[in-house]
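Here is the structure we will look at.
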Amino acid sequence: MKKIVLFITVSVIMLMAFTTTSFAQLPLRVVVNGNRVNFPDAEPFIDDNGRTQVPVRFVSEALGAKVDWEGKTKTVTISQGDKEIKIVIGKKEYTINGEKNLMDTEALLKEDRTFVPVRFVSEGLGARVDWDSAVRTVYIDTREKGDIKDDTPKDGSIIEEDGYLVPNDTNIIISKSNNGIIETSILISVLRLDFEKQIEDLVFAIESRFGKDIANEIEKHVRQKKSRWTHLPEKYIYVKETNQYIWIRESQTDSISIEVMVPGYVPNTDEYSDVVVEWEF
């Protein structure tokens, strides 16, 4: 009996450790009005008070606000229309149109960037803020609820695959690569009955990492593939925010391979011609 209890205890501990590790690997995302915000040089993080801290300029500009910095007083001013928010680095007190308010955390300087608690700034500008722990995503919205059509599902049905978010029942294949040229490979197949869903899942995965515009560009190209005999030309798409290329391979069979190149790598057709990715179905 003692052995059984010990086995169950150890199993639970191992399961909890695995779950915590997996959760920690999920990318922390900020989505404004349905579009993911890209942070090219400083990633958002959760501080010791459980608040999501973001580089102030990127989120504020995504909301259409203007940001000013006063180095002498370490004050950041966020202006939008008739609203003005002032936050001082290292202080919990901040003002909205001169009226004092109190946060349960504080803004800070990190990696030469000004980080602010995203909820207080967003709500101060009149936006709605929602946190989905299942996919570690902050949703910020200024739209009317009836206009919201394309937000990420928040029902816990989303999982993380090598840094990309996909539906739990996805049939696309996402695989990390260690060849020094390709960072991640994604594969879909026109022969499968759920090809339309594969495209939708592909778009969702790319958008979770690179934003809606890049996802739409990939979708437009991939949809040229109507059957296994349809010739799909190769295409390179540059992602400025992350300084990397996405290579959609030429396809003359049933499979379509999308290769996300390592950041900073410049495409060279001759060099890539010998790169082979092995897939198992």
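Count the sequence shown with mature numbering (1 follows the signal peptide of the UniProt record, and there is no 0) and you get residues -24 to -1, 1 to 257, in order.
From the three backbone atoms N, C-alpha and C, an ideal C-beta is built for every residue, glycine too.
Next item on the list: Check PHE180 in the structure and name its three-state DSSP category.
Entry: Position 204 of the sequence shown, counted from the first residue, corresponds to residue 180. The answer is helix: DSSP assigns PHE180 an H, G or I state.
Next item on the list: Within the same chain, show all residues whose beta-carbon is closer than 8 angstroms to that of LYS201, passing over the 5 residues directly before and after it, in chain order.
Entry: By 1-based counting over the sequence shown, the position of residue 201 is 225. Closer than 8 angstroms at Cβ, skipping near neighbours: VAL166, LEU208, SER227 and ILE232.
Item checked: Spatial distance of VAL242 from ARG204 (CA atoms) -> Walking along the sequence shown from the start, residue 242 turns up at place 266. Walking along the sequence shown from the start, residue 204 turns up at place 228. The C-alpha of VAL242 lies about 30 angstroms from the C-alpha of ARG204.
Next item on the list: Return yes when the Cβ of ILE116 is within less than 8 angstroms of the Cβ of VAL6, no when it is not.
Entry: As a position in the sequence shown, residue 6 is number 30, starting the count at 1. As a position in the sequence shown, residue 116 is number 140, starting the count at 1. Going by C-beta atoms, VAL6 is nearer than 8 angstroms to ILE116.
Next item on the list: Give the secondary structure of ILE194 by DSSP, where H, G and I count as helix, E and B as strand, and everything else as coil.
Entry: As a position in the sequence shown, residue 194 is number 218, starting the count at 1. Reduced to three states, the DSSP call for ILE194 is helix.
Next item on the list: Output the residue ranges of the beta strand (DSSP E) runs that lie fully inside the region 147 to 174 and measure 3 residues or longer, sorted by chain position.
Entry: As far as the region 147 to 174 is concerned, its whole beta strand (DSSP E) runs of at least 3 residues are 149 to 152 and 158 to 165.
Check: Does the beta-carbon distance from ARG27 to GLY187 come in below 8 angstroms?
Finding: Residue mapping note: residue 27 aligns to position 51 of the sequence shown, counting from 1. Residue mapping note: residue 187 aligns to position 211 of the sequence shown, counting from 1. The beta carbons of ARG27 and GLY187 sit no closer together than 8 angstroms.
Next item on the list: Assuming ILE164 and ILE175 form a contact by the criterion Cβ under 8 angstroms, report the distance between their Cβ atoms to the nearest whole angstrom.
Entry: As a first step, residue 164 must be located in the sequence shown, where it is residue number 188. As a first step, residue 175 must be located in the sequence shown, where it is residue number 199. Contact flag correct, Cβ pair sits at about 7 angstroms.
Next item on the list: Compare the C-alpha of VAL238 against each of LYS216, THR229 and ASP230 and name the closest.
Entry: As a working mapping, residue 238 is identified with position 262 in the sequence shown. If we check each option's Cα against that of VAL238, LYS216 comes out closest.
Notebook entry, point to check: For PRO239, does the three-state DSSP call read helix, strand or coil?
Noted result: Residue numbering aside, residue 239 sits at position 263 when the sequence shown is read from its first letter. It is coil, neither helix nor strand.
Next item on the list: Express the C-alpha separation of ALA191 and ASN244 in angstroms, rounding to a whole number.
Entry: Your numbering for residue 244 matches position 268 in the sequence shown. Your numbering for residue 191 matches position 215 in the sequence shown. One alpha carbon belongs to ASN244, the other to ALA191, and they sit about 23 angstroms apart.
Notebook entry, point to check: Curious, which full-length beta strand (DSSP E) runs of at least 3 residues does the region 14 to 64 contain?
Noted result: Note on the region 14 to 64: whole beta strand (DSSP E) runs with a minimum of 3 residues are 28 to 31, 42 to 46, 51 to 56 and 59 to 64, in chain order.
Notebook entry, point to check: Excluding the five sequence neighbours on either side, which residues of its own chain have a C-beta within less than 6 angstroms of the C-beta of GLN220, listed in chain order?
Noted result: By 1-based counting over the sequence shown, the position of residue 220 is 244. Closer than 6 angstroms at the Cβ level, and outside the excluded window around GLN220, lie MET237 and PRO239.
Checklist line | 6 angstroms CB neighbourhood of ASP230 in its chain, flanking five on each side removed | finding: Taking the first residue of the sequence shown as 1, we reach residue 230 at position 254. Apart from sequence neighbours up to five positions away, the residues of its chain that approach ASP230 with a beta-carbon distance below 6 angstroms are SER165, VAL166, LEU167 and ARG204, ordered along the chain.
Check: So, is the C-beta of LYS42 closer than 8 angstroms to a C-beta in chain D?
Finding: Of the protein chains in the structure, only one exists, and it is not chain D.
Notebook entry, point to check: Which whole runs of the alpha helix (DSSP H) in the region 93 to 122 are 4 residues long or more, in chain order?
Noted result: With a minimum length of 4 residues, the continuous alpha helix (DSSP H) runs that stay inside the region 93 to 122 are 94 to 100.
Note to self: Nearest by alpha-carbon distance to LYS68: which of GLY57, LYS62 and GLU82 is it?
What the structure shows: Here residue 68 refers to the residue found at position 92 of the sequence shown. Considering only alpha carbons, the answer is GLU82.
Next item on the list: Determine the contact status of ILE54 and ILE65, defining contact as a CB-CB distance below 8 angstroms.
Entry: The residue labelled residue 54 in the question sits at position 78 within the sequence shown. The residue labelled residue 65 in the question sits at position 89 within the sequence shown. The answer is no: Cβ separation not under 8 angstroms.
Check: Buried or exposed: PRO16, going by 16 or more other Cβ atoms within 10 Å of its Cβ?
Finding: Residue mapping note: residue 16 aligns to position 40 of the sequence shown, counting from 1. So PRO16 ends up on the exposed side.
Check: DSSP three-state call for LYS201: helix, strand or coil?
Finding: Along the sequence shown, read from residue 1 onward, the residue named residue 201 stands at position 225. DSSP places LYS201 in the coil class of the three-state scheme, outside both helix and strand.
Checklist line | Close-in-space but distant-in-sequence residues of the same chain around THR90 (CB under 6 angstroms, 5 per side omitted) | finding: On the sequence shown, residue 90 is found 114 positions in, with the first residue counted as 1. A distance below 6 angstroms between beta-carbons, with the five flanking residues on each side excluded, links THR90 to the following residues of its chain, in chain order: VAL32 and VAL52.
Item checked: Length of the line joining the Cα atoms of TRP223 and ASP189 -> Residue numbering aside, residue 223 sits at position 247 when the sequence shown is read from its first letter. Residue numbering aside, residue 189 sits at position 213 when the sequence shown is read from its first letter. Spanning the two alpha carbons is a distance of roughly 16 angstroms.
Item checked: Distance between beta carbons of SER153 and VAL97, contact taken as under 8 angstroms -> Residue mapping note: residue 97 aligns to position 121 of the sequence shown, counting from 1. Residue mapping note: residue 153 aligns to position 177 of the sequence shown, counting from 1. Rounded, the Cβ-Cβ distance is 38 angstroms, inconsistent with contact.
Checklist line | Cα-Cα separation between ALA38 and GLU210, rounded to whole angstroms | finding: By one-based count along the sequence shown, residue 38 stands at place 62. By one-based count along the sequence shown, residue 210 stands at place 234. One Cα belongs to ALA38, the other to GLU210, and the distance between them is close to 32 angstroms.
Check: Do THR206 and ASP177 come within 8 angstroms of each other at the CB atom, strictly closer than that value?
Finding: Counting from one through the sequence shown, the residue named residue 177 turns up at place 201. Counting from one through the sequence shown, the residue named residue 206 turns up at place 230. With respect to the 8 angstroms criterion, ASP177 and THR206 are not classified as neighbours on the basis of their beta carbons.
Note to self: Within a Cβ cutoff of 7 angstroms, which residues of the same chain sit near residue 281, ignoring the five residues on either side of it in sequence?
What the structure shows: Because the chain is modelled from -24 through 257, residue 281 falls outside the range shown and cannot be assessed.
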